[in-house]
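Q:
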DNA sequence: TGTTTTTTGTGTCATATTTACACACCGACA
DNA sequence: TGTCGGTGTGTAAATATGACACAAAAAACA
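Residue numbers (my numbering), protein chains in the order written: chain A, 241 to 481; chain B, 241 to 481.
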C-alpha cells in the first residue's frame, strides 16, 4: 500500500475513473450488470456504501494504457468478467464538480455488449448481479444518468454496427434477433418485413445442424456473416430499421 | 502563482484538459480555429512550442463546474471567442499513456459550431487563426486525430441535429445550406431534390425583407424555423440526406 | 453597351423502397 | 383429437427517391 501523500503536484489534479455499463440479453429483455458498493475494498473511505452501482474504478496512472484498459481491469476485479479493452465503447465523460462527495472525480463511461449465456457463469455472484434494464434500482453517484446515456448510445449505434449479433449467441433465430432489436429500439416491427430486410442485407447465414426442420414452428437457425457485413460496411451503408 | 508541490494525493492523479474543435463556415468551406502553442503562458514548461494546436487547457479542479466549462474558459482565454459551455458537444476522451511527454494528461475533446461571420471579429488574430478544414497543418499532441474524430462526429450528428443552421448566418439561402451539407457530408446533391426534401421538412421559413425578388438568379432568403424543428424532433425523426 | 456565362427556381415521371397484410404448417398442450 | 400459438412465405399499394430540362436574370466579359 502506498504511503499517504506521496504524490504531489503544482496544481490540483482530479481523480479519474472508468465506469462500465455491461449489457447482456437473455432472449427476452436487455440486462445490465451491477455491483453492490462496499463489499470489497476498505469500505471506510467509500461513498454510497451498500448501494448498487456500475462496475468501475480509478485509473492506474502508471499502468493503464487508456481509460478503456481501466474499464476492463476494474470490470474483471469487480465482477470476474474478462473483456478486452477493445470491447468498450465510450459513452461520455461525467465531470460535474459535485458528482463525488469526497474529492473531484471525473469518470469516463463506457458500454460493452456480451453474450449473456456465455458469460453468466463467469460473473462473480457474490459481488455482481444482472438486472433487467427496466428493473434497475436507483444507483450511486450519477450512475442513473450514465446508464440512461449508455442505453441511448446503444440505441444510436445499432444503426451503424451489428450490435444485435454481439448480444446474441453465435447461433440464433430470426424471432430472437427481432425481439432484441425491438427491445433496444423500443418499437415493434412487422415480422415479415423484418425478415425481408434482414435477408436483403445478406448478413445472415442459415446454420445447417443436420436435423431437417420438422415444420415451420421450429425457427430456422442463423449465424452472423461477419465477412459479408465487413464488405457491406466498407462500401458505406447503414442498417435501417 | 501556486507554490510548487502544494497538492498531494495518496495515489498518482492524471492532469485533465479540455480541447475545443471550433468549426465555422465561410460560405464555401468548413473552417477550424487553431492556436499556435507557446505564444502565451510561460513557454519553458511547454511541449510542442511553436506548433499549431487545438485551443484547450487544464481543468481548474476547484472552479470549473464541468470539463465543458473548462473548454469554454480556455477558448475564451486563448482565442477571445466567448461561447457558453452548453455549446460544446463531446467528441471523446483521449487518454493514451504516452500522449503527452511531460506527465499523464487525459483530454476530453469537444466541438462547437459558430457563425463565422459573427465571431470572426472576436477572434484574437495574434493568437488564433481560422484554417480551411482541408488545409490544416500537422498539429501538436494527438490533435490531428482529435480533429478527424470531431469531424466524423459532426458528420454523424448532422443526421440528428440541425447543425447546418448553427453554422450559417440567421438568414441564408438554399444554395448556401446545400453547399454546407455537401461540405460536411462530402457528397453532392441534386439541387432540385435537395430543395424538395428541405421544403418537405418544413423547417425553413422564407424571409421577406421587403425587396421584391427581381429574378430567379437572386436566391430566396430563409430563416431556420426552430419551432417547427422542435416539434418534428419531439415526434422522433431523422434528417435524411 | 451588347453578348455570353453562370446561377437560381420550379415539377414530373420512372424506379426503388417501405409498409400493410393473410394463409398454411405443425408443434405444444389440453 | 382438437385447439392454440408461433413460424415461414409473397404480393400489392403507398411512399420516397432519383433523374432530368428550361426559363429568367444577374454577373462576367468583350
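Backbone N, C-alpha and C fix where the C-beta goes; we use that ideal spot for every residue, glycine too.
Keep in mind that this is a model prediction, so the values were computed, not measured.
Buried or exposed: where does residue 289 of chain B fall if 16 or more other Cβ atoms within 10 Å of its Cβ makes it buried?
A: Under this definition residue 289 of chain B is an exposed residue.
Q: Quick one: which chain B residues come within Cβ less than 8 Å of residue 305 of chain A?
A: Those within 8 Å of residue 305 of chain A in chain B are 336, 337.
Q: List the endpoints of the continuous alpha helix (DSSP H) containing residue 469 of chain A.
A: Residue 469 of chain A -> alpha helix (DSSP H) spans 466-474.
Q: I'd like to know whether the C-beta atoms of residue 321 of chain A and residue 362 of chain A end up nearer to each other than 8 Å.
A: Yes, the Cβ-Cβ distance between residue 321 of chain A and residue 362 of chain A is below 8 Å.
Q: Residues of chain A with CB closer than 8 Å to the CB of residue 247 of chain B, please, in chain order.
A: Those within 8 Å of residue 247 of chain B in chain A are 248, 249, 250, 251, 252, 253.
Q: Taking the Cβ atom as the reference point for each residue, do residue 327 of chain B and residue 357 of chain B lie within a distance shorter than 8 Å?
A: It is not a contact, given that the beta carbons lie outside the stated cut-off.
Q: What are the boundary residues of the alpha helix (DSSP H) that includes residue 263 of chain B?
A: Unbroken run through residue 263 of chain B is the beta strand (DSSP E), 255-265; no alpha helix (DSSP H).
Q: Under 7 Å between beta-carbons, which chain A residues line up against residue 344 of chain B? List them in chain order, please.
A: Going along chain A in sequence order, the residues near residue 344 of chain B (Cβ under 7 Å) are 301.
Q: What residues in the stretch 311-332 of chain B bring their beta carbon closer than 7 Å to a beta carbon of chain A?
A: The residues in question are 330, 332.
Q: Going by beta-carbon coordinates alone, are residue 372 of chain A and residue 269 of chain A separated by less than 8 Å?
A: Yes, they are a contact pair.
Q: Nearest by alpha-carbon distance to residue 403 of chain A: which of A:466, A:367, A:385 is it?
A: Checking every option, the nearest Cα to that of residue 403 of chain A belongs to A:466.
Q: Go through its chain and collect everything with a Cβ distance to residue 468 of chain B's Cβ below 6 Å, but skip five positions before and after it.
A: The residues are 442, 443.
Q: Which residues in the same chain as residue 291 of chain A place their Cβ atom closer than 6 Å to its Cβ, once the five residues preceding and following it in sequence are excluded?
A: Within the same chain, residue 291 of chain A has close Cβ partners 277, 380.
Q: Could you give the first and the last residue of the continuous beta strand (DSSP E) run that contains residue 347 of chain B?
A: Per DSSP, residue 347 of chain B belongs to the beta strand (DSSP E) from 345-353.
Q: For a minimum of 4 consecutive residues, which ranges assigned as the alpha helix (DSSP H) are wholly contained in the stretch 277-323 of chain A?
A: List check, alpha helix (DSSP H) in window: 307-319.
Q: Can you grab the Cα-Cα spacing for the pair residue 348 of chain B / residue 258 of chain B, in whole Å?
A: Whole-angstrom Cα-Cα distance: 5 Å.
Q: Provide the residue(s) that pair with residue 358 of chain A in DSSP beta bridges, ordered along the chain.
A: In the DSSP output, where bridge partners are listed per residue, residue 358 of chain A has none listed.
Q: Within the 8 Å Cβ cut-off, does residue 298 of chain B reach chain A?
A: Yes - at least one Cβ of chain A is within 8 Å of the one on residue 298 of chain B.
Q: Check for me: the beta strand (DSSP E) holding residue 520 of chain A runs from which residue to which?
A: Nothing about residue 520 of chain A can be reported from this structure: the residues present for chain A run from 241 to 481 only.
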